[in-house]
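Asker: Provided herewith is a single structure, encoded as structure tokens, for subsequent inquiry.
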Amino acid sequence: MAHCELCPVSCGADRDKTAGVCGVRGLTVAKYYLHPFEEPPVSHKNGSGTVFFGGCHLRCAFCQNYDVSRAKRGKEITPSELCGIFRELEDAGADNVNLVTPDHVSHLIAAALREYKPHIPVVYNSSGYCKVSALEEIDPYIDVYLPDLKFVSPALSQRYTGRSDYFEYAKEAIAFMAKKPNRLDGSGKILSGVIVRHLVMPQCTSDSLRALDFLREILPEDASVSLMRQYVPMGEAARFPELARKITDREYRRVVDYALALGFSNLYTQDRSSAETAFIPDWDL
Ligand code: SF4
70 MAHCELCPVS CGADRDKTAG VCGVRGLTVA KYYLHPFEEP PVSHKNGSGT VFFGGCHLRC
130 AFCQNYDVSR AKRGKEITPS ELCGIFRELE DAGADNVNLV TPDHVSHLIA AALREYKPHI
190 PVVYNSSGYC KVSALEEIDP YIDVYLPDLK FVSPALSQRY TGRSDYFEYA KEAIAFMAKK
250 PNRLDGSGKI LSGVIVRHLV MPQCTSDSLR ALDFLREILP EDASVSLMRQ YVPMGEAARF
310 PELARKITDR EYRRVVDYAL ALGFSNLYTQ DRSSAETAFI PDWDL
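So the sequence shown is numbered by this note's numbering: it starts at 70 and just counts up by one.
Put into structure tokens, the structure is as follows:
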């Protein structure tokens, strides 16, 4: 990692000495706990064993976990200490280990998983902005992919993340992830597969429809899509007047109706009450 090109930013930082654009040198964890509010097959009965990593290479202005993604919160740990967290979550009864924002530290998570692979499914909860080469390294240890597909339009991704090439990378990454066979156990808990998330944003519903067109093309029939309506203005969203509000019922309905018309049968939707900052965890590490 003397010249890091792990993620699409390829900033070339010497991570033995300094942080790159992602804001961290090594592994930083802001929180781990049993999370009850992921999609039902992921949170299942006891909760998803989420591990929130600090830093992020994709600088979304509206980030819903802003303090964590900007590496303002969190504790530095080693890969061996991460194995200890995996064991704690397993002992607490987690239905899976859920790696949140892992792309910029995937090489270190892979090192931890080589040392200790949990006996419950491992979920890779990604922004979608990642390189297939990085996914190939960690894929043998991953059971479930939970990627975002944020934008199709280069203009929108440039405006809100500073990266016009978001979709170019996300489409390759999601096509790679979609190869995981979808499997649930008898109680509805996900054991393997992919659930693609899309956060519906204010005034962006036309792009949402394009995202669904793409997903219909590349995902298998039984793949799941999660249409999120939990957007609340956070982070630097105030810089963009159009992002200063939650989405409307009409915007959300338009996207859900389109997904149904495309024939998505495994579709997760959210109630309007999900768009509250109360659902954002306290960052306590
Ligand atoms: S992972 Fe971080 S340091 Fe590496 S290329 Fe991406 S932004 Fe730069």
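Beta carbons are placed, not taken as given, at the ideal position from N, Cα and C, and that holds for glycine.
What you are looking at is a predicted structure, and each value in this text was computed from that prediction instead of being measured.
Does the distance from the C-beta atom of Val169 to that of Ile259 stay below 8 Å?
Answerer: Position 100 of the sequence shown, counted from the first residue, corresponds to residue 169. Position 190 of the sequence shown, counted from the first residue, corresponds to residue 259. Taking 8 Å as the Cβ cut-off, Val169 and Ile259 do not qualify as a contacting pair.
Asker: Between the Cα of Gly92 and those of Lys114, Glu145, Leu103, spot the shortest distance and give me the residue it belongs to.
Answerer: Within the sequence shown, numbered from 1, the residue matching residue 92 stands at position 23. From the listed residues Lys114, Glu145, Leu103, the smallest Cα separation to Gly92 is found for Glu145.
Asker: Does Ile189 come out as helix, strand or coil in the three-state DSSP assignment?
Answerer: Numbered from its first residue, the sequence shown carries residue 189 at position 120. If DSSP states are grouped into helix, strand and coil, Ile189 belongs with coil.
Asker: Should Leu151 and Ala179 be called a contact, given that it needs their Cβ atoms to be closer than 8 Å?
Answerer: Taking the first residue of the sequence shown as 1, we reach residue 151 at position 82. Taking the first residue of the sequence shown as 1, we reach residue 179 at position 110. It is not a contact, given that the beta carbons lie outside the stated cut-off.
Asker: Look up Gly118 in the DSSP assignment and say whether it is helix, strand or coil.
Answerer: Numbered from 1 along the sequence shown, position 49 holds the residue referred to as residue 118. Strand at Gly118.
Asker: Quick test of your reading: Pro250 and Ser261, contact by CB under 8 Å. State the CB separation rounded to the nearest angstrom.
Answerer: Your numbering for residue 250 matches position 181 in the sequence shown. Your numbering for residue 261 matches position 192 in the sequence shown. Going by Cβ atoms, the distance from Pro250 to Ser261 rounds to 6 Å, so yes, they are a contact pair.
Asker: Determine the direct distance from the alpha carbon of Arg94 to that of Gly304, and round the result to whole angstroms.
Answerer: Here residue 304 is taken as the residue at index 235 of the sequence shown, counted from 1. Here residue 94 is taken as the residue at index 25 of the sequence shown, counted from 1. Whole-angstrom Cα-Cα distance: 22 Å.
Asker: When you compare each of Leu75, Asn335, Pro209, Ser343 to Tyr321 by their alpha carbons, which one comes out closest?
Answerer: The residue you call residue 321 lines up with position 252 of the sequence shown. Nearest of Leu75, Asn335, Pro209, Ser343 to Tyr321, Cα basis: Ser343.
Asker: Could you check the C-alpha separation between Gln339 and Lys86 for me, to the nearest Å?
Answerer: Residue mapping note: residue 339 aligns to position 270 of the sequence shown, counting from 1. Residue mapping note: residue 86 aligns to position 17 of the sequence shown, counting from 1. Taking the straight line from one Cα to the other gives about 43 Å.
Asker: Suppose you measure from the CA of Arg142 to the CA of Tyr238; what does that come to, to the nearest Å?
Answerer: The count along the sequence shown starts at 1 and reaches residue 142 at position 73. The count along the sequence shown starts at 1 and reaches residue 238 at position 169. Using only the alpha carbons, I get a separation of about 28 Å.
Asker: Say yes only if the C-beta of Arg84 is nearer than 7 Å to one or more non-hydrogen atoms of the ligand SF4, and no if none qualify.
Answerer: As a first step, residue 84 must be located in the sequence shown, where it is residue number 15. Result yes, Cβ under 7 Å from the ligand SF4.
Asker: Could you work out which residue in Ala203, Ser277, Gly231 is closest to Phe245 when comparing CA atoms only?
Answerer: Taking the first residue of the sequence shown as position 1, residue 245 is located at position 176. The candidate whose alpha carbon is nearest that of Phe245 is Ala203.
Asker: In its own chain, which residues sit with a C-beta less than 8 Å from the C-beta of Tyr300, not counting the 5 before and 5 after it?
Answerer: By 1-based counting over the sequence shown, the position of residue 300 is 231. Excluding sequence neighbours, Tyr300 sits near Phe131, Gln133, Leu268, Val269, Met270, Pro271, Lys315, Ile316, Ala344.
Asker: Looking at the structure shown, is His72 part of a helix, part of a strand, or coil, going by DSSP?
Answerer: Stepping through the sequence shown from its first residue, residue 72 is reached at position 3. Reduced to three states, the DSSP call for His72 is coil.
Asker: Out of His173, Glu206, Val265, which has the shortest C-alpha to C-alpha gap to Asp217?
Answerer: For the purposes of this step, residue 217 is taken as residue 148 along the sequence shown, with counting starting at 1. Per the Cα distances, Val265.
Asker: How do the segment 158-176 and the segment 95-107 stand: do at least 3 beta-carbon pairs fall below 8 Å, yes or no?
Answerer: yes
Asker: Could you check what DSSP says for Asp217 in three-state terms: helix, strand or coil?
Answerer: To locate residue 217, count along the sequence shown from 1; it is residue 148. Looking at Asp217 - three-state DSSP - the assignment turns out to be strand.
Asker: Measure the Cβ-Cβ separation of Ala371 and Cys76 and say whether it is below 8 Å.
Answerer: Residue 371 cannot be examined here, being either before or after the span of the chain that is shown, 70 to 354.
Asker: From this set, Leu331, Ser275, Lys114, Ala71, which residue's C-alpha is nearest Ile287's C-alpha?
Answerer: Position 218 of the sequence shown holds residue 287. The shortest C-alpha separation from Ile287 is found at Leu331.
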